[in-house]
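Okay, so the sequence shown: first residue is 2 according to the numbering used here, each after it adds one. Note that beta-carbon positions come from the ideal geometry of N, C-alpha and C, so glycine has one too.
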Amino acid sequence: MPPNHQIWIYAADIANKNAAVFLANRLQLAVNKRVHLVTSDGTYPSRNDLSTIDLHPELTTPQDLVLQVQSMDDVALIWIGPTHFEHITRFTNASENLFILCNLTASDVPQKRLGLFSTHVEKILRQADFFFTKDPAAAERLAKLNIDSEKIITRGALQKAGAAPTILGDGEEFAILKGRAQWTAIEVSKTELMSVLLAHKAVLRESHRMLLLLAPADPKDEEIFKSTIDEMGFRVARRLDDEIPDNNTAIFLADGPDEFARWLSMAPVAFLGQSLLPELRGTDPMPAASLGVAVLYGPHIASYLDDYSQLAHAGAARIVRDADSLATAVLQVSNPQLAAQMGLAAWDLVSSGAEATDAVIGCIQNWIAQEED
């Protein structure tokens with residue numbers, strides 16, 4: 002009877018969730034085996050491409066994950082991110098299983114110490130079959146622990162995004178807006194609404210025909226958005242009422258998450274909400290980046306700090322702090338040349354890491370082939 006291979010992928014922190022999701026989908030297509038995805042916080046993106054992946058919101062700690070797979074045979078465990086091994090003694094009891102660590106940084110690998118005793122993390126590290134490091138410093142630390150050099154692979158971080166999100170609806174529905182200056186604000190909370198509207202009022206003083214495509218984070222807040230927009234005197238068209246913006250429309254009030262990709266694709270620059278106020282945690286920037294959109298964001302992005310930091314470092318994103326700085330950024334980044342530069346930088350970043358992801362998939366394919374021979 003042939004082995005019943007299963008692949009388990011664990012995102013050890015929120016920063017590695019996008020990489021885990023992308024790898025899960027790639028593996029599902031590449032090896033046609035059962036793929037399980039576990040995240041450190043038990044939450045998952047609302048995406049159609051996860052429909053064939055086994056999700057496990059009930060597994061919320063590394064210990065839960067290890068207890069689940071420890072007694073299984075023919076299992077590959079791919080751990081992506083920090084080495085939170087404090088309460089783990091052994092990953093697998095079966096020699097035919099595969100254990101891969103990915104996106105390791107130098108801080109994940111203990112420094113070689115004098116003395117006879119290995120640290121707990123060292124002992125767990127030695128159980129791994131392959132180590133994919135983000136940088137040479139991590140590889141050097143592994144080598145100093147006498148890890149076999151053939152197991153250490155330095156290819157950078159895993160890829161976080163592939164194809165752009167699906168854009169739903171009729172592509173010609175908003176043809177009237179082609180060529181018109183516009184910017185997008187999505188995932189905007191009701192507590193951020195006034196800042197976004199004040200920013201747009203300032204933008205209109207400099208760019209009189211600029212259109213704002215505004216999408217609330219919570220569809221239940223749409224009536225609050227509409228009444229606030231009316232009170233401020235903006236001319237508004239509303240998606241819920243099947244209205245199409247005309248040349249005099251200042252704001253198009255878009256609807257919920259299903260069409261976020263469409264609103265992102267219609268403008269060269271987007272403000273990603275859930276980020277201006279301390280009680281907020283940020284919006285995933287990778288869908289916007291994968292569409293080649295220049296990204297603006299607020300300072301409160303704890304859930305996606307690593308992603309935003311990389312985009313900002315690459316010149317693909319800018320931080321704003323209030324209505325004034327948002328208006329200034331929108332006007333600056335709406336310059337076609339700058340928007341194109343930032344959009345290209347965003348796409349380059351999200352599509353990087355393909356080599357590392359391909360190498361991990363190659364390891365899995367080789368393991369399956371050897372087991373089935």
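Considered as a whole, the segment 101 to 158 harbours 131 to 134, 153 to 155 as its complete beta strand (DSSP E) runs of no fewer than 3 residues, in chain order.
According to the DSSP assignment, His37 belongs to the beta strand (DSSP E) that extends over 35 to 40. Per the coordinates, the alpha-carbon of Thr62 lies some 11 Å from the alpha-carbon of Gln69. Boundaries of the beta strand (DSSP E) around Pro217: 212 to 217.
Pairing Ala186 with Val204 gives a Cβ-Cβ distance that is not under 7 Å. Taking 7 Å as the cut-off, the Cβ atoms of Arg181 and Leu212 count as close. DSSP links Gln7 through a beta bridge to Arg35, Val76. Under the three-state reduction of DSSP output, Gln29 falls in the helix class. Counted as a single uninterrupted DSSP element, the stretch harbouring Glu223 is not any beta strand (DSSP E) but the alpha helix (DSSP H) occupying residues 223 to 232. Uninterrupted alpha helix (DSSP H) stretches at least 4 residues long and entirely within the segment 276 to 347 occur at 287 to 291, 306 to 314, 324 to 334, given in chain order.
C-alpha of Ile15 to C-alpha of Asn249: approximately 42 Å in a straight line. Taking a contact as a CB-CB distance under 8 Å, the pair Leu297 and Thr192 does not count as one, their CB atoms being some 17 Å apart. Contact check for His37 and Ile369: beta-carbon distance about 15 Å, past the 8 Å limit, so the pair fails to qualify.
Excluding its 5 nearest sequence neighbours in each direction, Ala328 has C-beta neighbours in its own chain below 6 Å: Ala200, Ala203, Val204, listed in chain order. Around the beta carbon of Lys221, fewer than 16 other beta carbons lie within 10 angstroms, which makes this residue exposed. Secondary structure of Gln183 (DSSP, three-state): strand. In this structure, DSSP gives Ile54 a state outside helix and strand, which the three-state scheme calls coil. Closest in C-alpha terms to Ala12, from the list Thr84, Ala107, Asp74, Arg35, comes Thr84. Separation of the CB atoms of Gln112 and Arg142 is rounded to 6 Å, and the pair is thereby assigned contact status at 8 Å. The straight-line gap separating the alpha-carbon atoms of Leu194 and Ala251 is approximately 15 Å. In the displayed model, Arg206 falls within a helix according to three-state DSSP.
The alpha-carbon separation between Ile81 and Ala25 amounts to approximately 12 Å.
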